[in-house]
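Residue 12 is where the sequence shown starts when you use the working numbering, and the numbers rise one by one after that.
Yeah, the Cβ is synthetic: ideal placement off N, Cα and C, and Gly gets one too.
Since the model is a prediction, treat every value here as computed from it, not as a measurement.
Shown next, in structure tokens, is the structure this report addresses.
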Amino acid sequence: MKKIIFSFILAILLPLTAFAEEEIKVSAHGAILMDFETGRVLWEKNSKAPLAMASTTKIMTAIVALENGNLDDKVTVSKKAALAPEVKMHLSAGEEITLRDLLYALMLQSYNDSAVAIAEHISGDVASFCNQMTEKAKSLGAKDTVFETPNGLDAGDHHSTAYDLALITSYALKNEKFNEIINTSSYTAKSNLRSYDLYNKNRLLNEFQGANGVKTGFTGKAGHCFVGSAKRGDMQLISVVLASGWGTQGKEQKWIDTKRILSYGFEKYHYENIIKEGVISDKVNVTRSRKEDIGLYITEDFTIPITEEEKNAIHIDIDIPLTIEAPVAKDEVLGYANIYLGNELIKQIDIKTTESAERHDFETSIKKIITNWLNMAGSELTPEDV
Numbered sequence: 012m013k014k015i016i017f018s019f020i021l022a023i024l025l026p027l028t029a030f031a032e033e034e035i036k037v038s039a040h041g042a043i044l045m046d047f048e049t050g051r052v053l054w055e056k057n058s059k060a061p062l063a064m065a066s067t068t069k070i071m072t073a074i075v076a077l078e079n080g081n082l083d084d085k086v087t088v089s090k091k092a093a094l095a096p097e098v099k100m101h102l103s104a105g106e107e108i109t110l111r112d113l114l115y116a117l118m119l120q121s122y123n124d125s126a127v128a129i130a131e132h133i134s135g136d137v138a139s140f141c142n143q144m145t146e147k148a149k150s151l152g153a154k155d156t157v158f159e160t161p162n163g164l165d166a167g168d169h170h171s172t173a174y175d176l177a178l179i180t181s182y183a184l185k186n187e188k189f190n191e192i193i194n195t196s197s198y199t200a201k202s203n204l205r206s207y208d209l210y211n212k213n214r215l216l217n218e219f220q221g222a223n224g225v226k227t228g229f230t231g232k233a234g235h236c237f238v239g240s241a242k243r244g245d246m247q248l249i250s251v252v253l254a255s256g257w258g259t260q261g262k263e264q265k266w267i268d269t270k271r272i273l274s275y276g277f278e279k280y281h282y283e284n285i286i287k288e289g290v291i292s293d294k295v296n297v298t299r300s301r302k303e304d305i306g307l308y309i310t311e312d313f314t315i316p317i318t319e320e321e322k323n324a325i326h327i328d329i330d331i332p333l334t335i336e337a338p339v340a341k342d343e344v345l346g347y348a349n350i351y352l353g354n355e356l357i358k359q360i361d362i363k364t365t366e367s368a369e370r371h372d373f374e375t376s377i378k379k380i381i382t383n384w385l386n387m388a389g390s391e392l393t394p395e396d397v
């Protein structure tokens, strides 16, 4: 039977409260701040509300294309792609251009015809590509996201949530080529017909320290949207704002909302190592063995971004047995380090044995004696036959 041997409390327990919600005011209808390294949500506002997401859609368009296409592929532009509505490159039906150049056009200037051309090249048609995007989102844990267009134009049930977009972006940011594209300030794309000068529309790259992404968006239904990313020191944060407003005011407000959220994260949060991997001082008594006790070790480090207030609410319960009966294998899981933030269990880490302990009692001793005797005698009998 397992017992909690000790509870290591960093400080007096405080209730788990959303400190951030009282400190950030944004106009966005849905918003989130997520830590890139751990995926921890640091702040949110209606982050699970389904909303139109405009051209932030193209984050998924790009990552699906990068994972399923060859950048040097020649893409032949279809009539459907050429007829895509503004904003667009004004590609011509039959024009040939590389997938690489289409991706730069997609992410730097958000061209809608490039998105359709990409979708048709990767999956054969737009509907199949959108299904592929939706399935990819679900595989990443973005369960309330439906893609019906590859460019984010309003159509049918096309929607996502701030939370889902943060998950998708976190995944995309792990792709080296994706990062290279979204951090390019200007690029010249060339088709078999002409050249296109492309300029990055992401103002955050020039206006916020450490900014390294990601994508703007606007439609009449979605309003002004933006998915942002910034890194300072060892901390990288992802922000999402959906429907920050409409018109000229909304266009500016998405930048204000984003900077406010990211600034809050960098000012309030820091990484704290909560528990370290390695041998612990506690040992477990072993019965029916020549060993009196056996050593234990924590199997992994655990570091999270927390505020000073939250640091005071962290406590760790070490849950291991007082006594165990042999045999015990080396690296056997004997218990857990349960880490709590307030009353919420945020991490459970295995505690394993540092060594083995063979069983040693009358029955096992007799069997060993008989086995040794039989081996010496060369008999084919086993101890069970005796």
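- Sixteen is the threshold: since fewer than 16 other Cβ atoms of the shown chains lie within 10 Å of the Cβ of L333, the residue is exposed.
- Scanning G167, E191, E283 and T160 for the CA closest to the CA of T49 turns up E283.
- The criterion of a C-beta distance shorter than 8 Å is not satisfied by K85 and A104.
- A337 places its beta carbon less than 8 Å from that of V297.
- The beta carbons of V52 and I272 sit no closer together than 8 Å.
- At least 8 Å separates the beta-carbon of C236 from that of L216.
- A distance of 8 Å or more separates the beta carbons of A177 and M71.
- Secondary structure note for R271: its alpha helix (DSSP H) is the uninterrupted segment G258 to K279.
- D175 is not a Cβ neighbour of A138, given a cutoff of 8 Å.
- Annotation for A153: D175, L178 and I179 place their beta carbon closer than 6 Å to its own, counting only its chain and skipping 5 residues before and after.
- The beta carbon of D361 sits closer than 7 Å to those of T310, V344 and Y347, all from its chain and outside the five residues before and after it, given in chain order.
- Rounded to whole angstroms, the separation of the alpha carbons of A126 and D168 is 18 Å.
- K226 places its beta carbon less than 8 Å from that of T67.
- In the structure shown, K302 adopts coil according to DSSP, grouped into three states.
- With 16 or more neighbouring CB atoms inside 10 Å of its own CB, T269 falls in the buried class.
- Straight-line measurement puts the Cα of I74 at about 20 Å from the Cα of T87.
- For Q143, the enclosing alpha helix (DSSP H) stretches over residues V137 to S150.
- Inclusion of T195 and L113 in the CB contact set at 8 Å is not warranted, their separation being larger than that value.
- Partner residues in a beta bridge of E187, as assigned by DSSP, do not exist.
- For the stretch 196-228, the continuous beta strand (DSSP E) assignments of 3+ residues that do not extend past its boundaries occur at 197-201 and 206-210, in sequence order.
- Per the C-alpha coordinates, the member of S240, L117 and T259 positioned closest to S250 is S240.
- Beta bridge pairing from DSSP links M45 with V52 and I249.
- For R370, there is no enclosing beta strand (DSSP E), as DSSP marks it with neither H nor E.
- Note on geometry: alpha-carbon atoms of C141 and T156 lie some 11 Å from one another.
- Secondary structure note for L119: its alpha helix (DSSP H) is the uninterrupted segment L110 to Q120.
- Taking Y351 as reference, the option from D328, V339, E366 and K341 with the minimal CA-CA separation is D328.
- Within the DSSP secondary-structure output, G234 pairs in a beta bridge with T230.
- When the Cα atoms are used, S202 and M100 turn out to be separated by approximately 11 Å.
- Of all alpha-carbon atoms in S255, L184, I317 and W266, the one lying nearest the alpha-carbon of E278 is that of I317.
- Counted as a single uninterrupted DSSP element, the stretch harbouring I350 is not any alpha helix (DSSP H) but the beta strand (DSSP E) occupying residues V344 to L352.
- Around the C-beta of P96, fewer than 16 other C-beta atoms lie within 10 Å, and the residue is accordingly described as exposed.
- For H132, no beta strand (DSSP E) encloses it; the enclosing alpha helix (DSSP H) starts and ends at N123 to S134.
- For S171, same chain residues with a beta-carbon under 6 Å away, outside a window of 5 residues either side, are M64 and T156 in chain order.
- Residue environment: A324 is assigned as buried (16 or more neighbouring CB atoms within 10 Å of its CB, all protein chains considered).
- About 5 Å separates the beta carbons of Y275 and I35, which is inside the 8 Å limit, making them a contact pair.
- The three-state reading of DSSP puts E283 in strand, counting E and B together.
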